[in-house]
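Take a look at the structure below.
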C-alpha cells in the first residue's frame, strides 16, 4: 500500500505510461507499414497491425481504470455516497420520463454508462480493504508492465525473432518496473523477458516454431546461428538486468536526496528559530537597560520643566552605579509642544476616520440589505453567506438551508451533503459537539480547532456556526472556517465574529420583513379574488333577475348555466312531475343523457318520502352530493331541481336565491303551458 503522497505520484506516473502507450500504437503501425511496403522487409505487416489494435484495446481499459481510481480518491463516505448517487440518477430518470415521455429514452445510453461507472466504483470500494486487491494502483502498475512486455515479446516474434530489432523496446517496461517497484521486481521482469526472447530464438532454431524473417532471405538467416543467439542473449540479459538495477538505484537515490533536503530544511528552520530567540532576548535586555523616564529639571533661568529624558545606567572604575542623563531643554520643549499638537491632530483625524468608517459600514449594510430584499429566498441565503464570509475574511464557508424540523435529521443531511468540501467535512467531524450545541440551543458559537499540516507544523483555526433564527425556528445555518497564526489574529477573529452577528441580525430582520410582506401580498391577492368573485356574482344576479321569461328549453338551459357559475356546481337538471317519462326536462351537462342519473333517482325517492316539504341530499362520494329541491306553486308539485355540487363549497344564501328564481320561472312556464292547453281544449269543445 502506498501513502497518500506516493499514491498521487504513482498515479500520475501511471497516467504518463498510458499516454506513452497511445503514442506507441501509431508508431508501431507506421514502422510495420514502412518496413514492409516501403523498405521491402519480408515479415508480414497484418499481424503487427492486429497486435497494435489489441494493445490499443488494453490501453482503453487501463485509461478508464486510471480515471476511476482518480475519482475513487474523492469519495469520502464509500458505498453510502455511491448508493445515494445511484438512487438519485434513477429517480431523476423516472421523473424526467414522466414529464418528457418517450423522447427521454434517447438519454438512456448516457444513463447506462453512468450506472456502469457507479457499479465499477462500488467494486473498487468493496475491494479497497482486501489484503490482495487485483484492481489496486500497485497491481495496475504490474498489469501495465506485463502488458508492455507481452507486446514487445509478441512484436519480436512477428518481426523475425532472432533477426528482430524490437528487443530494445523491452528496456522501457523493465526500467519502469525497477523505478516504481524496486530493483528486485525489475530483476524478475528482466529475467522473464530474457528467458522468453531466448526461448523463442531456440524454438525457431530447433524448428518448433515457424521462422518469419525480418529481411530478405537473400541476405542470409541468423536464426540458425547458435553463436548469434548466444551473443544476442548475453547482450540482452546484461542490458536488461543493468537497466533494472540502475532504475532501482536511481529511485532509491532520488528518495534519499529528497529526505536529505527535507532534513536540511528542518535544520535551517531550527537555526532560524534559535536566532530569532536570541535576537528577542537581546532586544529585551537592551530595552530594560535603557528606559525613557520623566524627570524634573531646573534650568539656568530658574524655570522648572518636566521632561522625558533618556537615562542609561553604567558603572565607573570603582564599580559605582552612575546614571547619565542626556537632554536638551530647548529641543525637549519644542518636541513636547510638537507631540502635543500632533496628538490633538491625530485625535481629530482618528475621530473623523472612525466617522467615515462607520458611515461607510452603514452604507454598505444598507446596500446589502437592499440587494437581499430584492432577491429570491434561496439567493437571499446565498448572498447572506457571501456577505458574512467577507465580514469574517474567510473563503471556506457553507450555507445549509433547513428543510426539516428534526434536529437529528438536519444533522444527518448536513454531514452527508455532497456540496461540502473535504476540508469542511473533516472540520465538522472534529467540531461535532459545537455544531450540535449551536443547533440545539439556537445560539451562534465559535469553536477553535487545529489542522495537522505535517509532522512539524500545526495550523490553528476556528469554526464559526451562525444559525439564522426567525420566529423561533432555524431557517439556515452558516458555517465558516478561518486560520490564524497568533493571538492577535484570534482577537481579530472575535471582533469579526461580533460584526458577523450584527450583520446576521440585519439579515434576520430582512427575512422577517420579506415573509411579512409576502403574507400581506397573499392576503391582498385573496381579497382581490374575493372582490372579483363578488363582482362576477353581482353581474350574474343582475342577468338572472332580468331574465326574459319564455317557454323554450334553451332559456332554462341559460338559466341553469348562470346559476352554475354562481354556485360552482358540476351538473344540474330540471324534472317535470307531469312528464310521462323519467327524463329530465333540461340538463346542464349536454354530454349526459336526459334520463335520471345515479343519485338523482335516489334523491327523488327521498324527496317523495318527505312529501316535497324540504330539499334532500344524497351522497355521491367523499366530496360530492346530489341535492334535490322541490319546485312548487301553491302546494302544487311542478318539478324537481337537481344540483350536483361539492360538499366543501356551499353558499346557502346564493343557493336559496338561485333556487327561488328557477322555481318562479319554472312555475310561470308550467302555468302558461297549462293555460294554453285549457284554452285549446275550450276552443275545440266550443267549435264542436
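Numbering (the working numbering), first residue to last: 47 to 734. Note that the Cβ used here is the ideal one computed from N, Cα and C, for glycine as well.
Going straight from the alpha carbon of residue i to that of residue j, what length do you get?
i	j	result
residue 318	residue 327	14 Å
residue 499	residue 182	Bear in mind that the predicted position of residue 499 carries a pLDDT of just 49, short of 50, making it too unreliable to give a figure here.
residue 213	residue 228	22 Å
residue 308	residue 173	35 Å
residue 667	residue 158	46 Å
residue 631	residue 575	35 Å
residue 718	residue 677	15 Å
residue 101	residue 217	18 Å
residue 646	residue 724	32 Å
residue 520	residue 302	56 Å
residue 515	residue 572	29 Å
residue 728	residue 710	27 Å
residue 99	residue 71	8 Å
residue 553	residue 525	16 Å
residue 277	residue 252	18 Å
residue 683	residue 721	16 Å
residue 605	residue 696	19 Å
residue 511	residue 65	47 Å
residue 316	residue 306	15 Å
residue 238	residue 256	22 Å
residue 148	residue 657	59 Å
residue 484	residue 522	12 Å
residue 558	residue 642	56 Å
residue 209	residue 86	15 Å
residue 556	residue 562	10 Å
residue 153	residue 143	10 Å
Please state if the CB of residue j and the CB of residue i are separated by a distance shorter than 8 Å.
i	j	result
residue 660	residue 691	no
residue 195	residue 219	yes
residue 233	residue 290	yes
residue 619	residue 712	no
residue 94	residue 248	no
residue 686	residue 714	no
residue 240	residue 282	yes
residue 231	residue 215	no
residue 637	residue 669	no
Closest by CA to residue i, which one among the options?
i	options	result
residue 104	63, 89, 129 and 130	63
residue 67	161, 193 and 552	193
residue 509	519, 520 and 546	546
residue 760	574, 686, 704 and 732	Missing from the structure shown is residue 760; the chain here goes from 47 to 734 and no further.
residue 527	515, 649 and 507	507
residue 111	99, 663 and 168	168
residue 609	724, 699 and 275	699
residue 675	702, 697 and 665	702
residue 639	203, 391, 651 and 617	617
residue 285	310, 256 and 221	221
residue 74	59, 682, 97 and 65	97
residue 649	525, 249 and 621	621
residue 160	139, 146 and 144	139
residue 189	244, 107, 166 and 156	107
residue 280	244, 312 and 306	244
residue 109	86, 146 and 61	61
residue 602	321, 209, 633 and 275	633
residue 113	143, 186, 250 and 154	186
Counting only beta-carbon separations shorter than 8 Å, does residue i have a partner in chain C?
i	result
residue 723	The question asks about chain C, but that chain is absent: this structure has only one protein chain.
Just to confirm my understanding: we take residue i, look at its own chain, exclude 5 residues before and 5 after, and list those with CB closer than 8 Å. What are they?
i	result
residue 164	128, 131, 132 and 135
Please go through the same chain and pick out, in chain order, the residues whose beta-carbon is closer than 7 Å to the beta-carbon of residue i, but skip the five residues on each side of it.
i	result
residue 297	225
residue 78	91, 94 and 95
residue 59	226
To which residues of the same chain is residue i closer than 6 Å at the C-beta, ignoring the five residues directly before and after it?
i	result
residue 246	203 and 207
residue 51	Only weak support exists for where residue 51 lies, its pLDDT of 49 falling under 50; the value from the coordinates is given anyway. Closer than 6 Å at Cβ, skipping near neighbours: no residue.
residue 287	236
residue 664	645, 648, 649 and 672
residue 681	none
residue 47	For residue 47, the predicted structure reports a pLDDT of 46, less than 50, and the residue's modelled location is therefore unreliable. A value from the coordinates is still provided. Counting only Cβ-Cβ distances below 6 Å, and skipping sequence neighbours, we find nothing.
residue 82	91
| query | At what residue ranges does the segment 226 to 266 contain a whole run of the alpha helix (DSSP H), taking only runs of 4 or more? | reply | 229 to 252
| query | What are the uninterrupted segments assigned as beta strand (DSSP E) that are 3 or more residues long and contained completely in the segment 599 to 667, given in chain order? | reply | 617 to 622 and 662 to 665
| task | With a floor of 4 residues, list each alpha helix (DSSP H) that falls wholly inside the segment 112 to 166, ordered by position along the chain. | result | Qualifying alpha helix (DSSP H) stretches, in chain order: 125 to 146.
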